[in-house]
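Input: a single structure, listed below in structure tokens.
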Amino acid sequence: ELQENFEWLEEGLKELKDSYVLFDCPGQVELFTHHNTMPNLFHRLEKIGYRLIVVHLLDSLTLSRPTLYISSLLLCLRSMLHLPFPLVNVLTKIDNLAKNSEPLPFNLDYYTEVQDLDYLLPHLEAEQNNTSVQNLQDRAGNSDIPKLPESKFTALNEALIQLIGDFGLVAFETLAVEDKVSMTNLLHAIDRASGYVFGTDKGTNDSVWQVAMQEGWGGKIDVRDVQERWIDRRDEFDEMERQQIEDQKAEEARQTGQPEVRRVPAHPSSERDTHVSGNDLDDDEDLEAMQAAFLNKQSTGNDNGIKIIRKD
Numbered sequence: 004e005l006q007e008n009f010e011w012l013e014e015g016l017k018e019l020k021d022s023y024v025l026f027d028c029p030g031q032v033e034l035f036t037h038h039n040t041m042p043n044l045f046h047r048l049e050k051i052g053y054r055l056i057v058v059h060l061l062d063s064l065t066l067s068r069p070t071l072y073i074s075s076l077l078l079c080l081r082s083m084l085h086l087p088f089p090l091v092n093v094l095t096k097i098d099n100l101a102k103n104s105e106p107l108p109f110n111l112d113y114y115t116e117v118q119d120l121d122y123l124l125p126h127l128e129a130e131q132n133n134t135s136v137q138n139l140q141d142r143a144g145n146s147d148i149p150k151l152p153e154s155k156f157t158a159l160n161e162a163l164i165q166l167i168g169d170f171g172l173v174a175f176e177t178l179a180v181e182d183k184v185s186m187t188n189l190l191h192a193i194d195r196a197s198g199y200v201f202g203t204d205k206g207t208n209d210s211v212w213q214v215a216m217q218e219g220w221g222g223k224i225d226v227r228d229v230q231e232r233w234i235d236r237r238d239e240f241d242e243m244e245r246q247q248i249e250d251q252k253a254e255e256a257r258q259t260g261q262p263e264v265r266r267v268p269a270h271p272s273s274e275r276d277t278h279v280s281g282n283d284l285d286d287d288e289d290l291e292a293m294q295a296a297f298l299n300k301q302s303t304g305n306d307n308g309i310k311i312i313r314k315d
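The sequence shown begins at 4 in my numbering and counts up by one.
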């Protein structure tokens with residue numbers, strides 16, 4: 004329907020002028036792997052002057068099972084071949100990966116760089132035989148233990164892995180949507196892939212490389228840092244960030260002369276009462292609202308005649 008009424012879309016886009024436009028497309032994968040509707044729409048957008056880039060979002064939970072991962076690689080590859088535009092594949096919810104799945108057999112960079120997929124074959128075999136890799140290895144190394152029959156998918160797995168490796172097109176960025184550093188890193192990756200970074204008026208006398216590297220455009224978070232932050236040491240980093248936020252608020256309060264408000268950790272003895280009623284939560288919210296209102300009155304000077312005198 005949108006393809007048949009493209010004039011309506013074009014009129015709406017004209018009102019946006021030179022804005023950076025995001026199209027949230029339907030999630031049906033067949034539209035991007037087989038059907039021609041989306042490529043046709045993208046081509047018409049390109050003809051009216053838009054520079055397009057496709058951002059393909061996949062849940063990082065697909066890394067938890069080898070079969071899901073291979074399926075996702077095939078989906079990404081087919082989309083990249085079907086859509087003749089720059090395409091960035093993104094593993095989303097990377098901050099939830101450690102909580103929602105078993106430990107990965109390989110480091111995160113193995114999955115994002117999509118290299119040496121042959122190492123994944125034993126894990127595919129183990130999943131399809133409903134056993135463990137260690138069990139397969141024990142059977143292979145001990146003649147007294149009967150070997151499991153070879154999976155009927157073994158040859159197919161090898162062929163798919165070779166196909167993905169031969170093209171060598173698929174790679175992934177990572178995203179933790181609540182992390183500003185992760186969002187900024189992804190935005191830079193998208194701007195580099197789309198060529199937006201080269202369209203700036205600054206540095207017109209510089210080389211393309213200099214333009215690409217200026218103002219942090221060349222910066223990229225190492226995926227090993229992502230693994231350390233969100234998989235290996237998440238709790239430690241979360242605590243560090245909470246402490247930094249508290250210290251920053253305390254410094255701001257000190258500079259403005261406002262009384263410092265800090266969260267007091269619960270006494271260990273209070274942990275025995277694990278039930279928190281809805282009324283208690285409401286009381287906490289009311290208390291925080293009263294504290295915020297009090298600080299606002301002090302900062303604006305509207306204290307209704309009430310003064311607080313600190314005594315040493």
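Beta carbons: idealized from backbone N, C-alpha and C, even for Gly.
{"Query": "When you compare only the Cα positions, how much space is there between Gly52 and Pro89?", "Result": "16 Å"}
{"Query": "DSSP state of Thr70, grouped into three classes?", "Result": "helix"}
{"Query": "Since I believe Val226 is in contact with Asp112 (beta carbons under 8 Å), could you give me their beta-carbon distance rounded to a whole number of angstroms?", "Result": "4 Å"}
{"Query": "Among the candidates Val57, Pro29, Ala101 and His46, whose CA atom is the shortest distance from the CA of Val229?", "Result": "Ala101"}
{"Query": "How would you label Val173, buried or exposed, when you count the other beta carbons within 10 angstroms and need 16 or more for buried?", "Result": "buried"}
{"Query": "In angstroms with no decimal places, state the Cα-to-Cα distance between Gln246 and Ile234.", "Result": "20 Å"}
{"Query": "Spatial neighbours of Ser74 within its chain, please: CB distance less than 8 Å, with the 5 preceding and 5 following residues excluded, ordered by chain position.", "Result": "Thr65"}
{"Query": "Give the C-beta separation of Ser154 and Asn132 to the nearest angstrom, bearing in mind that I take them to be a contact with Cβ-Cβ under 8 Å.", "Result": "6 Å"}
{"Query": "Give me, in chain order, the residues of the same chain whose beta-carbon lies closer than 7 Å to that of Ser67; leave out the 5 immediate sequence neighbours on both sides.", "Result": "Ser104 and Glu105"}
{"Query": "Between Lys183, Lys96 and Glu13, which lies nearest to His46 when the distance is taken from Cα to Cα?", "Result": "Glu13"}
{"Query": "Looking only at its own chain, which residues have a Cβ that is under 6 Å from the Cβ of Thr115, when we skip the five neighbours before and after it?", "Result": "Phe175 and Val226"}
{"Query": "If you draw a straight line from the alpha carbon of Met41 to that of Leu19, how long is it in whole angstroms?", "Result": "21 Å"}
{"Query": "Using the rule of at least 16 other Cβ atoms within 10 Å of the residue's Cβ for burial, across every protein chain shown, is Pro29 buried or exposed?", "Result": "exposed"}
{"Query": "Taking C-beta to C-beta, are Pro69 and Glu161 nearer than 8 Å?", "Result": "no"}
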